Amino acid sequence: MSDVSCYLLGEQAIVVNATCLPKNKSPINQRLFALKKWLDSSGDFVDVVPAKSSVTAYLKDPRKADAWQHKIQAHWQDLEVAEVKPTHHHIEVFYGKEFGQDFERIADELQLTPKQLIELHSSVDYQVQFIGFLPGFAYLSGLPTALQLPRKSTPITKVPKGSIAIADSYSAIYPSQSPGGWHLLGQTNTTLFDPNSASASLLQPGDIVRFVEKSC
Amino acid sequence: MLEVIKSGPLSTIQDIGRQGLRHLGVSQAGVIDPVALKLANTLLSNNDDTAAIEVTIGLCEFLFHAPTNFVIAGADLNAALNDEAVYPCWRYSAKAGDKLTFKQNRDGLRAYLVVEGGFTNIDKLLGSYSTDLMAGFGGINGRALKQGDKLSYTPSTAKSSVGGLQPSYEKLIHFIPGPHLEIISNQTLSVLNDTIWKVNPSSNRMGIRLSGHSSLVHAHNIATQAVHPGVIQLPPSGEPIILLNDCQTTGGYPIIGSIIRADMRHLSQLGAGDCIHLKSTSVTDAAKESHRVQAHLNQLRLALKNKEQ
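Sequence lines, in order, name chains A and B. With our numbering applied, the first sequence corresponds to residues 3 to 218, in that order. With our numbering applied, the second sequence corresponds to residues 11 to 319, in that order.
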């Protein structure tokens with residue numbers, strides 16, 4: 003049985019849903035990125051959008067929907083995952099104090115010293131699993147289990163631009179000031195999203211991010 | 011130059027929207043009624059990507075500082091040029107000093123104002139002139155028009171008046187059933203089809219919120235997936251949201267349907283308190299409707315070409 007399901011959402015969006023972990027295969031996220039790359043290279047799609055456990059591909063010509071659903075089902079197992087070469091980014095973070103208003107509370111709640119909290123957050127590679135919520139807002143998977151906690155029950159109205167945050171199993175960086183319910187650990191000066199530049203978003207789906215502590 | 015004397019509740023610069031950037035979290039934005047924009051641009055021999063002012067509700071006023079031809083398409087918001095009525099989907103000429111006013115009409119919500127050649131002092135951003143109000147870019151600094159804004163255009167000589175037939179706006183809106191219907195209940199589809207849905211006042215360019223039936227309350231979430239304008243989400247409140255052009259690119263509410271592309275234009279005219287019917291249809295019939303709309307536009311192009319040769 004295939005571990006991927008495919009359906010048409012509306013008239014021209016093909017949703018590919020990875021329903022369970024494939025046996026003896028590479029991680030499902032890697033497979034979804036390989037699928038995105040393969041679909042992008044076909045030239046048949048306006049956009050290919052990864053999400054939590056799916057990829058949605060927007061067809062230029064809706065008449066090709068059936069053919070593509072069959073092609074995806076057939077090709078899923080044979081995707082060359084190794085061909086995906088992600089870009090690596092180092093993001094400098096000022097942790098705590100005025101830069102991360104939830105830093106001390108989170109350290110207390112997780113029973114960690116400030117040093118341990120920083121080490122845990124900055125010692126792993128995160129992968130851009132998908133981008134949503136705001137232009138350039140990347141959901142970074144790979145947050146250590148010891149740092150996972152639910153979102154705030156009440157979002158705050160103004161999360162400062164560049165805020166480094168955690169919630170559930172993700173870390174993220176707010177590209178612009180916005181309301182938000184994630185816990186704020188620090189801040190970066192790096193520009194995440196610039197609508198005037200051709201590539202617009204610094205982070206692209208599949209990229210690898212490493213946080214680096216910066217002291218002022 | 012077109013000067014904004016009164017901006018009204020919400021007037022924004024919009025074109026067909028941003029395409030191909032959902033994977034970076036960038037919304038489509040753009041006109042909610044693409045047919046109105048295409049009709050207006052066709053009547054002015056403009057390029058398809060020429061931007062319009064999307065006027066919401068009305069209550070606004072513009073002053074022409076140079077001669078041009080213009081078209082208003084979409085809803086009839088009781089527009090007048092120097093107190094003389096201006097009708098949707100007709101081409102008019104304005105002289106320097108002419109004043110264009112929009113009053114208010116209960117029959118529709120949005121009208122599209124386009125000038126010949128388009129506005130020349132706005133730049134494309136990420137492939138589009140559209141204002142992204144949420145992200146704060148595009149159009150004029152990512153915001154709605156305000157009093158004193160000046161939009162430049164290249165002056166043009168007066169053309170004869172000519173009109174196109176604008177297909178009527180309907181309150182019966184077709185959708186293709188969505189992937190998560192059954193997780194709510196096996197009655198969801200018939201509830202969607204059989205209910206008179208009322209448009210809530212909290213509706214905006216991000217989405218139309220509906221109320222009408224209490225049986226759809228649920229406690230399900232789905233793994234966040236890509237969404238787009240036309241998708242019908244069902245939050246736990248049981249009150250469906252039809253996503254519109256400024257919607258986010260991903261969402262975690264169950265998806266119970268998608269409005270067909272040909273019927274998206276009807277959504278542009280729905281305001282608080284309006285009642286609509288939803289009717290499920292097939293992908294095949296949706297494609298037929300899209301062709302019908304395209305054929306209408308093609309006919310207008312052909313007729314104009316013959317007339318103006």
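Positions of the beta carbon are idealized from the N, C-alpha and C atoms, including for glycine. Please read these numbers as outputs of a predicted model, since none were measured by experiment.
- The beta-carbon separation of B:Leu34 and A:Ser203, rounded to 4 angstroms, stays under the 8 angstroms limit for a contact.
- Here the alpha carbons of A:Ile175 and A:Pro207 stand approximately 14 angstroms from one another.
- With its beta carbon less than 7 angstroms from one in chain B, A:Gly134 belongs to the interface.
- Rounded to whole angstroms, A:Leu119 and B:Gly262 show a C-alpha spacing of 29 angstroms.
- Closest by C-alpha distance to A:Ala69, out of A:Leu34, A:Lys117, A:Tyr9 and A:Thr192, is A:Tyr9.
- Within chain B, no residue has its beta carbon less than 9 angstroms from that of A:Thr21; the closest one is some 10 angstroms off.
- Pairing A:Gly182 with A:Ile158, the inter-Cα distance amounts to about 6 angstroms.
- In this structure the region 214-229 of chain B touches the region 243-260 of chain B; the number of beta carbon pairs closer than 8 angstroms is three or more.
- Within chain B, the residues placing a beta-carbon under 9 angstroms from that of A:Gly12 are Phe185, Ile186, Gly188, His238, Gly240, Val241, Gly267, Ser268, Ile269, Ile270, Arg271, Val293 and Ala296, ordered along the chain.
- For chain B, the residues of the region 53-72 of chain A that bring a beta carbon within less than 7 angstroms of one of its beta carbons are Ala53, Lys54, Ser55, Ser56, Thr58 and Pro64, in chain order.
- The Cβ atoms of B:Phe80 and B:Val125 lie closer than 7 angstroms to each other.
- Here B:Pro239 carries a coil assignment [DSSP, helix/strand/coil].
- Just so you know, the alpha carbons of B:Asn56 and B:Ser200 end up roughly 44 angstroms apart.
- About 6 angstroms separates the beta carbons of B:Pro264 and B:Ile193, which is inside the 8 angstroms limit, making them a contact pair.
- Within the region 17-37 of chain B, contact with chain A at the beta-carbon level (separation under 9 angstroms) is assigned to Gln29, Gly30, Leu31, Arg32, His33, Leu34, Gly35, Val36 and Ser37.
- Listed in chain order, the beta strand (DSSP E) runs fully inside the region 185-222 of chain B are 207-209 and 217-221, counting runs of at least 3 residues.
- By the neighbour-count criterion, in which 16 or more other beta carbons inside 10 Å mark a residue as buried, B:Arg302 falls on the exposed side.
- Considering only B:Pro245, B:Val241 and B:Ala236, the residue with the shortest C-alpha distance to B:Ser225 is B:Pro245.
- B:Glu318: member of the alpha helix (DSSP H) spanning Val293 to Glu318, first to last residue.
- Rounded to the nearest whole angstrom, the C-alpha separation of A:Glu215 and A:Leu187 is 11 angstroms.
- Residues of the region 141-164 of chain B whose Cβ lies closer than 7 angstroms to any Cβ of chain A, in chain order: Ala145 and Phe147.
- Under the 7 angstroms criterion on CB atoms, B:Ala233 is classed as interfacial with respect to chain A.
- Chain order gives the chain B residues near A:Asn198 as Leu135, where near means a beta carbon separation below 8 angstroms.
- With 16 or more other CB atoms across the displayed protein chains lying within 10 angstroms of its CB, B:Gly18 is buried.
- Listed along the chain, the chain B residues whose CB falls inside 9 angstroms of the CB of A:Tyr9 are Pro189.
- Remark: C-beta atoms of B:Ala62 and B:Gln24 approach each other more closely than 7 angstroms.
- Cβ contact annotation for A:Gln32 (same chain, cutoff 6 angstroms, sequence separation greater than five): Val83, in chain order.
- Its chain contains Tyr139 as the residues whose beta carbon lies nearer than 8 angstroms to that of B:Asp133, once the 5 sequence neighbours on both sides are disregarded; these appear in chain order.
- Looking at the DSSP output, A:Tyr172 shares a beta bridge with A:Ser143 and A:Ala169.
- Assignment of A:Arg153 by DSSP, reduced to helix, strand and coil, places it in the coil class.
- Exposed is the label assigned to B:Glu318, since fewer than 16 other Cβ atoms lie within 10 Å of its Cβ.
- Taking C-beta separations shorter than 8 angstroms and ignoring five residues to either side along the sequence, the partners of B:Ala296 in its chain run His184, Ile186, Ile270, Arg271 and Ala272, following chain order.
- Here B:Cys70 is buried. Its C-beta has 16 or more other C-beta atoms within 10 Å.
- Take A:Ile108, set aside five residues on each side of it, and the residues of its chain with a beta-carbon closer than 6 angstroms to its own are His185, in chain order.
- For B:Thr66, the number of other beta carbons within 10 angstroms of its own is at least 16, and it is reported as buried.
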